[in-house]
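Protein sequences appear in the order of chains A and B. Sequential numbering of the first sequence, starting at 31, is according to the working numbering. Sequential numbering of the second sequence, starting at 270, is according to the working numbering. Before any comments, here is the structure.
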Amino acid sequence: MIKRSRLRPLRTLGHAFIKRIWRLGAGARLFWLTLISSGESFRRLHLTIREVYFTGVMSLIIIVVSAFFVGMVLALQGYNTLQRYGSSEAIGVLVALALVRELGPVVTALLFAGRAGTAITAEIGLMKATEQLSAMEMMAVSPISRVIAPRFWAGVIAMPVLNVLFCMVGILGGYLVAVPLIGVDAGAFWSQMQANVDWRLDILNGVIKSVVFGIACTMIALFEGYDAPPTAEGVSRATTRTVVTSSLVVLGLDFVLTSFMISL
Amino acid sequence: MTQNIVEIDNLSFGYKGRMLHQGINMVFPRGKVVAIMGGSGSGKTTLLRLIGGQIKPTKGEVRVDGQVVHTQTREGIYQLRRKMGMLFQHGALFTDLSVYENVAFPMREHTDFPESMIRDLVLMKLHAVGLRGAHQLKATELSGGMARRVALARAIALDPDIVIYDEPFAGLDPISMGVICDLIRTLNDALGTTSIIVSHDVKETFSIADYVYFVANGTVAAEGTPADLSKSTLPFVHQFVHGEKDGPVPFHYAAGDYKQDLLGYEA
C-alpha cells in the first residue's frame with residue numbers, strides 16, 4: 031500500500047493544476063460576461079472615454095519616453111552592424127520595421143501591463159475589498175456592465191493608439207541619432223523606409239497584434255482585480271500576478287501571431 | 270400586499286461542509302424596525318446577504334414582498350433589489366465620486382429624471398442626514414460617521430420599501446452613534462419603510478428596534494421586544510444583553526488540558 035506522504039506531491043500538483051484550470055474557466059466566463067454586457071459602455075460613452083483617459087492618456091509619458099530611447103538605441107545598434115556591410119542608409123528601414131512589426135506592439139503591451147494593468151487590478155481589487163462592488167450589486171447595478179466593460183473597451187481602444195504613438199516617437203528617436211548625430215543622409219533614411227515598409231504586412235499586422243495584446247492585458251488585469259481576495263495581501267498578490275501573467279501572455283501571443291502572420 | 274415584507278422560512282445555510290444556519294424562521298412586518306443580533310461570526314451578515322439574494326440557501330426560503338428570492342432570475346433579483354436600500358458596515362461609498370455623485374448614483378442608474386430634479390432630490394436626501402453642506406466633498410474626505418450618513422442618504426435615494434443596515438454603529442464615536450440611531454428611526458417612520466438592522470450594539474439597537482431576533486449556534490436563540498429581552502432570564506440573552514464575560518458563550522476558545530500544554534513543551 032502506498033504511503034499517504036508519498037502521494038502528497040501528486041496531490042499538491044493535482045490541486046495546483048485544477049486551480050489553474052478553474053481560474054482559466056473563471057477568466058473565460060468573465061470575458062464572455064464582459065462581451066455580452068458591453069452595450070452600456072457604448073450607450074453611455076462617457077464611461078468608456080473616462081477610462082480611456084485613465085488607461086491611455088495617463089500612460090502617455092512612459093510610452094513616449096520609452097519609445098524615444100528604444101528608437102535611439104535601435105539606430106545606434108543598427109548602424110553599428112549595417113556599416114560593416116556598407117548598408118548604413120538602410121538604418122531607417124531597420125528602425126521602422128523593428129518598431130512597427132515587433133518592438134512597438136510588444137514593448138507597448140509590457141509597459142501598459144506595468145502602468146495601466148496594475149492600476150486597473152488594484153482599483154478593482156480595492157473596490158471589492160471596500161464592498162463597493164457589493165454595494166453596486168445591492169443597488170441592482172451590474173458591476174460588470176458599469177465597472178468591468180468600460181475599462182475593458184478602454185484598454186482595447188488605448189493599446190493600438192499607444193502602439194502607433196510608440197512607433198512614431200521611436201522612429202523620431204532613431205532619426206535624431208542616425209541623421210544629425212551619425213550623419214546618415216536624411217533622404218536615404220526616409221525614402222528607404224517609405225519604399226520598404228509595407229502598409230498591410232508591417233503596419234496593419236503590428237496594429238492587429240496590439241489590439242490582441244490590448245484584449246489580453248486588459249482582461250488579465252480586470253480578472254485579477256475581480257478575483258482578488260478582499261484583503262491587502264490579496265490585492266498586492268493580484269497586482270503582481272497581473273504583471274507576470276500579462277508579460278508571459280504577451281510574449282507567447284507574439285510568437286503565435288508572428289508565426290501566423292508570416293505564414294500568410 | 271402581504272403583512273410581512275420579508276419572511277424567512279425554515280432557512281438553512283452552510284458552506285464547506287459547515288452549517289451556519291439551521292431552520293431559521295423570521296418575519297419582518299412592514300413599517301417596523303427589526304433587529305438581528307448575535308455574537309461575531311454568528312451569521313448575521315450572511316442572513317442579510319440571503320435576503321438580498323447574493324447567496325442561495327441550502328434549504329428553506331426567503332421571501333421578499335411575497336416572492337421567493339433564490340428562485341428568481343438575475344433580472345428578477347435586480348427587480349427585488351430596487352425595493353431595497355442597503356447601508357454597508359463601512360459605508361462602501363464610491364471613492365472616485367463626490368458625496369453628491371454618490372447619492373445621485375442610484376437615481377442616474379435607474380431613472381430618467383432630469384438633472385435639475387436629481388439635484389433637488391440629492392440635496393433633500395443629504396439634508397435629511399444633515400450633510401447638505403458637504404455635498405461637494407470627496408468620499409475620501411469624510412469621517413467614519415459622515416461616510417455612514419452619506420451611505421444612508423444613498424440607501425434611501427430611491428425611497429425603498431426596505432432599508433437594510435449592516436452593523437450601522439460599529440466603530441463610531443458616541444455622537445455619531447446617536448445621530449445614526451436617531452436617523453434610522455426617524456427615516457423609517459417618515460418614509461414608511463421597513464428597517465432590518467444587523468448589530469451587536471445592545472443599547473443603541475434596543476433604543477430603536479420594535480422587535481429583536483437573537484441568533485446563536487445557527488438558530489434563533491430568542492426573540493421579542495427589547496423590553497421583553499432586557500428582562501429575559503435565558504442564559505445566552507442575559508450574557509449578551511449585560512455583556513458578561515463568561516456564560517453559554519465561553520471566554521476560552523476550545524483547547525486541550527492547560528497543565529499538559531504548559532508542561533508538555535519540548536524545545
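Backbone N, C-alpha and C define an ideal beta-carbon position, used for all residues, glycine too. Only a predicted model underlies this, so the values are computations on that prediction, with no experimental measurement involved.
Annotation for residue 432(B): 354, 424, 462 and 464 place their beta carbon closer than 6 Å to its own, counting only its chain and skipping 5 residues before and after. Collapsing the DSSP output to three states places residue 398(B) in coil. As a beta-bridge residue in DSSP terms, residue 431(B) pairs with 353(B) and 463(B). DSSP places residue 328(B) within a strand segment (E or B) once states are collapsed to three.
As computed with DSSP, residue 298(B) is found in a beta bridge with 273(B). The C-alpha of residue 108(A) lies about 31 Å from the C-alpha of residue 275(A). When CB distances to chain A are screened at a threshold of 9 Å, the residues of the region 343-361 of chain B falling below it are 343, 346, 347, 348, 349, 350, 351, 353, 354, 355, 357, 358, 359, 360 and 361, in chain order. One finds 168 in chain A with Cβ atoms closer than 7 Å to the Cβ of residue 321(B), taken in chain order. Cβ atoms of residue 422(B) and residue 448(B) stay farther apart than 8 Å, at about 13 Å. For the region 375-408 of chain B, the residues whose beta carbon sits under 9 Å from a beta carbon of chain A are, in order, 375, 378 and 379. In the DSSP annotation of this structure, the continuous segment of the beta strand (DSSP E) that includes residue 483(B) starts and ends at 480-485. Pairing residue 330(B) with residue 278(B) gives a Cβ-Cβ distance under 9 Å. Following the DSSP letters along the chain, one finds residue 491(B) in no alpha helix (DSSP H) but inside the beta strand (DSSP E) bounded by residues 488-493.
Taking 9 Å as the CB threshold, residue 160(A) lines the interface with chain B. With a cutoff of 9 Å on beta-carbon distance, residue 223(A) and residue 122(A) are scored as near each other. Between residue 392(B) and residue 197(A), the alpha-carbon positions lie close to 50 Å from each other. Note that the region 186-197 of chain A does not touch the region 277-296 of chain B; fewer than 3 beta-carbon pairs, one per stretch, sit closer than 8 Å.
Between residue 477(B) and chain A, the shortest Cβ-Cβ separation is not below 9 Å. Between the region 251-267 of chain A and the region 146-156 of chain A there are three or more inter-stretch CB-CB distances shorter than 8 Å, so the stretches are counted as touching.
The C-alpha of residue 316(B) lies about 19 Å from the C-alpha of residue 163(A). What residue 363(B) touches in chain A, judged by beta-carbon distance under 7 Å, is 162, going in chain order.
Checking the DSSP bridge columns, you'll see residue 166(A) has no partner listed. Of the candidates 507(B), 492(B) and 384(B), 492(B) places its Cα closest to the Cα of residue 484(B). Taking the Cβ atoms as the reference, residue 339(B) lies roughly 11 Å from residue 328(B), outside the contact range of under 8 Å. Excluding its 5 nearest sequence neighbours in each direction, residue 352(B) has C-beta neighbours in its own chain below 8 Å: 333, 334, 429, 430 and 431, listed in chain order. Rounded to the nearest angstrom, the gap between the Cα atoms of residue 84(A) and residue 54(A) is 27 Å. When Cβ-Cβ separations below 9 Å define contact, residue 433(B) makes contact with chain A. Listed in chain order, the non-local C-beta contacts of residue 56(A) below 6 Å within the same chain number zero, local neighbours out to five positions each way being set aside. Contact between residue 178(A) and residue 101(A) does not hold, since the beta-carbon distance rounds to 35 Å and is not under 8 Å. In the three-state reduction of the DSSP assignment, residue 185(A) falls in the helix class. Contact between the region 265-274 of chain A and the region 288-306 of chain B is absent: fewer than three C-beta pairs spanning the two stretches fall below 8 Å.
Contact note: residue 171(A) reaches chain B through 378, using a C-beta cutoff of 7 Å and chain order.
Relative to the Cα of residue 171(A), the nearest Cα in the group 513(B), 282(B) and 347(B) belongs to 347(B). In this structure the region 143-152 of chain A does not lie against the region 225-242 of chain A, because fewer than three pairs of beta carbons, one per stretch, are closer than 8 Å. Cα atoms of residue 70(A) and residue 175(A): separation of roughly 6 Å, rounded to the nearest angstrom. Secondary structure of residue 76(A) (DSSP, three-state): helix.
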